[in-house]
Amino acid sequence: MDLVSIRKSYKRYARHYDATFGRVFATGRERAQETLAPLPGKRVLEVGVGTGLSLPDYPDDCEVVGIDISREMLDVARGRLNGGLPAVSGLCEMDAEQLGFADGSFDAVVAMYVATVVPNPDRLFAEMWRVCRPGGQILVINHFASRQWLLRGFERCLRPLSRAVGFRPDMEFEDFVHVTGQEPATVAPASLFGYWKQVEFRKPAHA
Ligand SMILES: C[S@@+](CC[C@H](N)C(=O)[O-])C[C@H]1O[C@@H](n2cnc3c(N)ncnc32)[C@H](O)[C@@H]1O
-18 MDLVSIRKSY KRYARHYDAT FGRVFATGRE RAQETLAPLP GKRVLEVGVG
32 TGLSLPDYPD DCEVVGIDIS REMLDVARGR LNGGLPAVSG LCEMDAEQLG
82 FADGSFDAVV AMYVATVVPN PDRLFAEMWR VCRPGGQILV INHFASRQWL
132 LRGFERCLRP LSRAVGFRPD MEFEDFVHVT GQEPATVAPA SLFGYWKQVE
182 FRKPAHA
């Protein structure tokens, strides 16, 4: 995976993304809102915000900033703002592995379906951790390699196509947790049958 192929893939997906993934990812978005609650007064960063499917879920009295590497995905997200989303204070083209925010800028940092898309999940997480304030919350929702042998075999077969499809289908959950260097506070299913998981981290108040 590299930024050129990622941008190329999501340029291709942007127009059809909502119709394809809108409903598929709905449970994960709902779970994220439940876990982030209560949000009023909080400042949230969504990395890899994509077409902004999650943006209407945020209550008006929090502040949300979304970043993404794909201009075309962001264009769709910006279109949503015309409908009026007072919580959204900014949508920026930015690399999640090099965030242009000061340390501890956000109360919560969220990455939905992004960890297997970025070239370096360790750098993604390190940046999410850095910009999260001490005592804040980090949520990662993602698919990890299946435990079911048939599906697992299929995901392995797809690995050589990662650059073309725009994600790595077989990242192991344990490998991801290892690269974060942190212990998750909670791990919960984010879809029926647990195909997607929500991994929540809490940054210690003294960090
Ligand atoms: C599968 S989509 C998920 C979009 C959105 N979070 C959702 O739930 O529908 C992955 C998104 O991550 C973005 N992305 C991939 N690599 C990135 C990077 N290095 N920095 C910022 N965004 C990135 C892609 O452009 C794409 O919009």
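Residue 50 in the numbering used here sits at position 69 of the sequence shown, and the numbers go up by one each step. By construction, the Cβ of each residue, glycine as well, lies at the ideal position given by its N, Cα and C atoms.
Among the options, the one whose alpha carbon lies nearest that of residue i
i: P102; options: T161, A188, R183 and Y(-2); result: T161
i: V180; options: G9, R(-7), G47 and V5; result: G9
i: C73; options: K(-11), P67, P21 and V30; result: V30
i: A166; options: Q118, M152, H124 and A186; result: Q118
i: P185; options: V99, C113 and A77; result: C113
i: F106; options: G60, E153 and F157; result: F157
i: G71; options: Q79, F174, D49 and A83; result: D49
i: E164; options: E153, F148, F182 and K(-8); result: F182
i: W177; options: M152, G81, R140 and D(-1); result: M152
i: E191; options: L62, K23 and E53; result: Any answer about residue 191 is impossible in this case: the structure gives the chain only from -18 up to 188.
i: R104; options: L120, D76 and F125; result: D76
i: L237; options: A18, Y(-6), G60 and S(-10); result: Residue 237 cannot be examined here, being either before or after the span of the chain that is shown, -18 to 188.
Supposed close pair residue i, residue j - CB separation, criterion 8 angstroms
i: A171; j: I122; result: 5 angstroms
i: F6; j: M93; result: 7 angstroms
i: D38; j: P67; result: D38 to P67, Cβ: 13 angstroms. No contact.
i: L34; j: G3; result: 6 angstroms
i: A58; j: L36; result: 7 angstroms
i: V91; j: V168; result: In fact, because the Cβ distance is near 16 angstroms, the residues do not count as touching under 8 angstroms.
Endpoints, the beta strand (DSSP E) within which residue i is located
i: V25; result: R24 to V28
i: F125; result: Here F125 belongs to no beta strand (DSSP E), and DSSP marks it neither H nor E.
i: Q179; result: W177 to R183
i: F87; result: F87 to M93
i: P40; result: Looking at the DSSP string, P40 is not in any beta strand (DSSP E), and its letter there is neither H nor E.
i: G71; result: V69 to E74
Cβ-based burial, residue i [other Cβ within 10 Å; buried from 16]
i: A96; result: buried
i: G47; result: buried
i: F174; result: exposed
i: F135; result: exposed
i: T1; result: exposed
i: H187; result: exposed
i: H124; result: buried
i: V28; result: buried
Residue interval of the alpha helix (DSSP H) (run including residue i)
i: L62; result: R52 to L62
i: A169; result: It is not in any alpha helix (DSSP H) - A169 instead sits in the beta strand (DSSP E) that spans T167 to P170.
i: F148; result: Unbroken run through F148: none, as it is neither H nor E.
i: E15; result: A7 to L17
i: F106; result: P102 to V112
i: S35; result: Counting along the chain, S35 falls outside any alpha helix (DSSP H), and DSSP gives it neither H nor E.
Proximity test, Cβ basis, 9 angstroms: residue i and chain C
i: T161; result: Here chain C cannot be found, since the structure has a single protein chain.
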